[in-house]
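Take a look at the structure set out below.
In structure tokens, the structure reads:
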């Protein structure tokens, strides 16, 4: 099997506590894409999500990894349940594995999990203009929420992001309404 075919071969499964130390390296690798975005290059050298945050999500069953044929994580999605929504805390794919559909597969997996859990939506915050952020999620069925549509939780997340250095107005909250696909079944 050639290396291209091997890179395309992955599966999604629950993350394991033994993998916690590998996940920040995936996030740092993924963040290198920001080196090409003027004004956001600092993200490439920022801290990754803490191992403790990953542990918490793994223990609550809201963390999934994309693994290669050697069962090594190459991408992850870490989330938390907030009322009737599941909120994506971080989704990252290691740089060499980007462009193979791993992000889409992680989101499909999350949607199916959330439907089984009888949740009504998936939320996240992301950059509005970065191509692999809001435009990507829009293609996956997420909708940007207007400021008026933000609940207190999402408004607080955006405020915290601004206070941590994200340019004001560069970020947005998005939501995928799971009831759309629940009714199709």
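In full-length UniProt numbering, the protein residues as written are 1 to 185.
All C-beta atoms, glycine included, are put in the ideal place defined by N, C-alpha and C.
Note that the coordinates shown come from a computational prediction; the quantities given were computed from them, not determined experimentally.
Asked: For residue 125, I'd like the list of residues in its chain whose CB is within less than 8 Å of its CB, leaving aside the five on either flank, ordered along the chain.; Found: 154, 157, 158, 161, 171, 172, 173 and 174
Asked: In angstroms with no decimal places, state the Cα-to-Cα distance between residue 13 and residue 92.; Found: 15 Å
Asked: Look at residue 58 and residue 17 and say whether their C-beta atoms are less than 8 Å apart.; Found: yes
Asked: Closest to residue 31 by C-alpha separation, out of 90, 181 and 100, would be which residue?; Found: 90
Asked: Quick one: Cα of residue 130 to Cα of residue 95, how far?; Found: 16 Å
Asked: Tell me whether residue 167 is buried or exposed, calling it buried when 16 or more other Cβ atoms sit within 10 Å of its Cβ.; Found: exposed
Asked: Considering just the uninterrupted stretch of the beta strand (DSSP E) at residue 75, what are its terminal residues?; Found: 73-82
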